[in-house]
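Trainee: First residue of the sequence shown? That's 1 in the UniProt record's numbering, and the numbers climb one at a time after it.
The beta-carbon is built from N, C-alpha and C at its ideal position, and this holds for glycine as well.
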Amino acid sequence: MRATIRQSASDLTAEHDAFLDDCTRTDGAAPIGDGLRNALKRQTEAAKAARKTGGKSARDGRAEQAPSTAGTSVFELRAGAAGELAGLAVLGPDGERLTAELAVGPASRTRGFGRRLTESVLAAAADRPASDTTGGETPGGGGEPWFWAHGDHPGAARLAEIFGMRRARELVQMRLRAADAKLPEPQLPSGVHLRAFRPGADDAEWLRVNNAAFSWHPEQGGQTAEDLEAAARQDDFDPDGFFLAVPDDDPCRILGFHWTKVHPGPDRLGEVFVLGVDPGVHSRGLGRALTLAGLNYLIRLGIREIELYTEGDNEKALGLYKSLGFHLHATDVSYTRGHDRV
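1) Return the chain-ordered list of same chain residues with a C-beta closer than 6 Å to the C-beta of T331, the five sequence neighbours on each side being excluded.
2) Do you know offhand how far G80's Cα is from L328's?
3) May I ask you to report which of helix, strand or coil DSSP gives P239?
4) Would you list the one or two residues that DSSP bridges to G276?
5) Please go through the same chain and pick out, in chain order, the residues whose beta-carbon is closer than 7 Å to the beta-carbon of G28, but skip the five residues on each side of it.
6) Whole angstroms are fine: how far does the CA of T13 sit from the CA of E161?
7) Tell whether a beta-carbon distance below 8 Å holds between L269 and E315.
8) When DSSP builds the beta bridges, which residues end up paired with S334?
9) Would you please state the rounded distance, in angstroms, between the beta carbons of A225 and D203? I believe it to be under 8 Å.
10) Let me make sure I understand the geometry here. Which of Q7, I254, V281 and G114 has the alpha-carbon closest to that of R195?
11) Taking the beta carbon of E229 as the centre, do at least 16 other beta carbons fall within 10 Å, making it buried, or is it exposed?
12) What residues are listed by DSSP as bridge partners for H193?
13) Please report the Cβ distance between L290 and G256, rounded to the nearest whole angstrom; I am assuming they are in contact, meaning their Cβ atoms lie under 8 Å.
14) Check the DSSP bridge columns for L77 and list the partner residues they point to.
15) DSSP beta-bridge partners for R284?
16) Since S334 and W148 should fall inside the 8 Å C-beta cutoff, what is the C-beta to C-beta distance between them, to a whole number of angstroms?
17) Determine the burial state of T4: buried for a count of at least 16 other Cβ atoms within 10 Å of its Cβ, exposed for fewer.
18) For G83 and V246, what's the separation of their Cα atoms in angstroms?
19) Are P199 and P239 close, meaning C-beta to C-beta below 8 Å?
20) Helix, strand or coil: how does DSSP classify P106 here?
21) Go through its chain and collect everything with a Cβ distance to R299's Cβ below 6 Å, but skip five positions before and after it.
22) With respect to the beta strand (DSSP E) encompassing E307, which residues constitute its N-terminal and C-terminal limits?
23) For N210, report the span of its alpha helix (DSSP H) as first-last.
24) Could you compute how far the alpha carbon of R175 sits from the alpha carbon of N296?
25) With DSSP run on the structure shown, which of helix, strand or coil describes D22?
26) Just the Cα atoms here: how many angstroms apart are R42 and D34?
27) Using only CA atoms, which one of P218, G112, A212 and V74 lies nearest to G280?
28) Can you round the beta-carbon distance between D11 and T44 to whole angstroms, since I take them to be within the 8 Å contact cut?
29) Enumerate in chain order the residues of its own chain whose CB-to-CB distance from G241 is below 6 Å, with the five nearest sequence positions on each side excluded.
30) By the three-class DSSP mapping on this structure, what secondary structure does D227 have?
31) Look at the Cβ atom of A100, then the Cβ atom of L91, and state whether they are nearer than 8 Å.
And the structure:
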């Protein structure tokens with residue numbers, strides 16, 4: 001069957017959303033994650049703003065740039081005489097790496113379309129410049145992308161074998177049903193209390209703690225002020241559900257944090273979005289207390305189910321979450337031909 005692939009930098013359309021919804025219903029997992037979808041959305045918004053201001057920042061007149069989302073691309077595969085959408089892929093920077101995610105429509109599988117999309121993504125990744133025109137590093141510039149398979153789809157494993165990719169990382173999704181939860185109130189260390197995140201006032205201190213706590217992490221480490229500001233503009237950002245543990249005698253210093261989210265939609269799924277403790281702080285039980293504070297907050301909002309993601313080899317985190325009643329829901333797997341590991 002004749003098929004063509006088109007690459008663009010535009011946001012996902014209603015047609016794309018309907019296509020991805022069809023894949024999700026069939027496979028039980030969304031093939032394109034929120035990270036790349038939000039990157040495309042921010043990139044499109046930045047492009048619109050740049051056109052309105054002649055390519056200059058409205059704040060200071062400098063050239064407008066979006067360093068954390070620059071270069072996010074969509075690949076459409078259309079097949080048949082009518083040019084129906086049969087496959088979709090997204091490639092973009094995620095921290096210092098390139099991330100790729102793809103889907104083939106349920107009615108279009110076993111025709112080699114996944115292989116065609118993978119070839120196009122790999123070629124585009126190889127052509128990406130390693131630095132921008134100013135000589136600075138471009139996030140995710142050049143190199144081998146990491147392909148994420150949400151729900152550990154068997155078709156992804158077959159594609160990985162064809163292209164000589166290895167199973168490099170497992171991200172475990174766990175869930176907690178509020179009806180089953182029997183959670184105590186958090187017991188904070190002496191001299192520590194919780195307060196809500198204050199956008200703007202707490203940004204620099206939160207970035208310090210987050211980047212120290214996740215210095216090893218390919219996505220969550222290396223967060224910038226622009227990344228945090230973009231996240232705070234999202235519809236699901238709730239500062240009241242962004243808990244900070246601070247000393248009684250120095251409330252501007254952050255010891256640890258728990259950033260929760262509630263995803264919009266009829267199910268209103270809650271999430272333990274990011275949980276971190278300053279590695280320089282030695283306070284037993286702080287992580288557990290922060291976890292409980294966020295979970296109890298979500299349950300008081302009426303959330304019926306809460307999800308979280310953690311590394312499949314993080315035994316300490318897995319033990320904590322299991323002790324609170326979380327169970328394994330799904331596993332996301334990344335494949336790459338590169339040699340670096342988390």
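Mentor: In terms of the structure at hand:
1) Translated into positions along the sequence shown, residue 331 becomes position 331. In chain order, D152, E170 and V172 place their CB closer than 6 Å to the CB of T331, counting only its own chain and leaving out the 5 sequence neighbours on each side.
2) Here residue 80 is taken as the residue at index 80 of the sequence shown, counted from 1. Here residue 328 is taken as the residue at index 328 of the sequence shown, counted from 1. Near 40 Å, if we compare the C-alpha coordinates of L328 and G80.
3) Counted from its first residue, the sequence shown places residue 239 at position 239. DSSP places P239 in helix when its eight states are reduced to three.
4) Looking up residue 276 in the sequence shown gives position 276. According to DSSP, residue pairing for G276 in a beta bridge involves F257.
5) Numbered from its first residue, the sequence shown carries residue 28 at position 28. The residues G151, in chain order, have a CB closer than 7 Å to that of G28 in the same chain once the five nearest residues on each side in sequence are set aside.
6) Position 161 of the sequence shown, counting from 1, holds the residue named residue 161. Position 13 of the sequence shown, counting from 1, holds the residue named residue 13. Their backbone Cα atoms lie some 31 Å apart in a straight line.
7) To locate residue 269, count along the sequence shown from 1; it is residue 269. To locate residue 315, count along the sequence shown from 1; it is residue 315. No, the Cβ-Cβ distance between L269 and E315 is not below 8 Å.
8) To locate residue 334, count along the sequence shown from 1; it is residue 334. According to DSSP, which records beta bridges pairwise, S334 is partnered with W148 and R169.
9) On the sequence shown, position 225 is the one that residue 225 refers to. On the sequence shown, position 203 is the one that residue 203 refers to. Between A225 and D203, the beta carbon gap of about 6 Å places them in contact (Cβ cut-off 8 Å).
10) One-based indexing of the sequence shown puts residue 195 at position 195. When only C-alpha atoms are compared, the closest one is I254.
11) To locate residue 229, count along the sequence shown from 1; it is residue 229. The residue is exposed, with fewer than 16 neighbouring Cβ atoms inside 10 Å.
12) To locate residue 193, count along the sequence shown from 1; it is residue 193. Note: H193 sits in a beta bridge opposite V246.
13) The residue labelled residue 290 in the question sits at position 290 within the sequence shown. The residue labelled residue 256 in the question sits at position 256 within the sequence shown. At roughly 5 Å, the Cβ-Cβ gap stays under 8 Å, so L290 and G256 are in contact.
14) Taking the sequence shown and counting its residues from 1, one reaches residue 77 at position 77. In the DSSP assignment, the residues bridged to L77 are I5 and G87.
15) Start at 1 with the first residue of the sequence shown, and residue 284 comes out as number 284. Beta-bridge partners of R284 (DSSP): none assigned.
16) If you number the sequence shown from 1, residue 334 lands on position 334. If you number the sequence shown from 1, residue 148 lands on position 148. Going by Cβ atoms, the distance from S334 to W148 rounds to 5 Å, so yes, they are a contact pair.
17) Here residue 4 refers to the residue found at position 4 when the sequence shown is read from its first residue. In summary, T4 is exposed, with fewer than 16 beta-carbon neighbours lying within 10 Å of its beta-carbon over all protein chains present.
18) For the purposes of this step, residue 83 is taken as residue 83 along the sequence shown, with counting starting at 1. For the purposes of this step, residue 246 is taken as residue 246 along the sequence shown, with counting starting at 1. For G83 and V246, the distance between alpha carbons rounds to 57 Å.
19) To locate residue 199, count along the sequence shown from 1; it is residue 199. To locate residue 239, count along the sequence shown from 1; it is residue 239. Yes; because the gap between Cβ atoms is below 8 Å, this pair is in contact.
20) Within the sequence shown, the letter at position 106 stands for residue 106. DSSP places P106 in helix when its eight states are reduced to three.
21) Walking along the sequence shown from the start, residue 299 turns up at place 299. A small fix is needed here, since residue 299 is Ile in this sequence, not Arg. Take I299, set aside five residues on each side of it, and the residues of its chain with a beta-carbon closer than 6 Å to its own are A178, in chain order.
22) Here residue 307 corresponds to residue number 307 of the sequence shown, with the count starting at 1. Looking at the DSSP string, the run of the beta strand (DSSP E) that includes E307 is E305 to E311.
23) Counting from 1 along the sequence shown, the entry for residue 210 is found at position 210. Counting along the chain, the alpha helix (DSSP H) containing N210 begins and ends at D203 to A213.
24) Within the sequence shown, numbered from 1, the residue matching residue 175 stands at position 175. Within the sequence shown, numbered from 1, the residue matching residue 296 stands at position 296. Distance from the CA of R175 to the CA of N296, rounded to the nearest whole angstrom, comes to 14 Å.
25) Residue 22 sits at position 22 when you count from the first residue of the sequence shown. D22 sits in a helix when the DSSP states are folded into three classes.
26) Looking up residue 42 in the sequence shown gives position 42. Looking up residue 34 in the sequence shown gives position 34. It is roughly 12 Å from the alpha-carbon of R42 to the alpha-carbon of D34.
27) The residue you call residue 280 lines up with position 280 of the sequence shown. Ranking P218, G112, A212 and V74 by Cα distance to G280 puts A212 first.
28) Within the sequence shown, residue 11 is the residue found at index 11, counting from 1. Within the sequence shown, residue 44 is the residue found at index 44, counting from 1. With 8 Å as the limit, D11 and T44 qualify as a contact, their Cβ atoms being about 4 Å apart.
29) Working through the sequence shown from its first residue, we reach residue 241 at position 241. In chain order, T260 and Y297 place their CB closer than 6 Å to the CB of G241, counting only its own chain and leaving out the 5 sequence neighbours on each side.
30) For the purposes of this step, residue 227 is taken as residue 227 along the sequence shown, with counting starting at 1. Of the three classes helix, strand and coil, the one that applies to D227 here is helix, per DSSP.
31) Numbered from its first residue, the sequence shown carries residue 100 at position 100. Numbered from its first residue, the sequence shown carries residue 91 at position 91. The answer is yes: Cβ separation under 8 Å.
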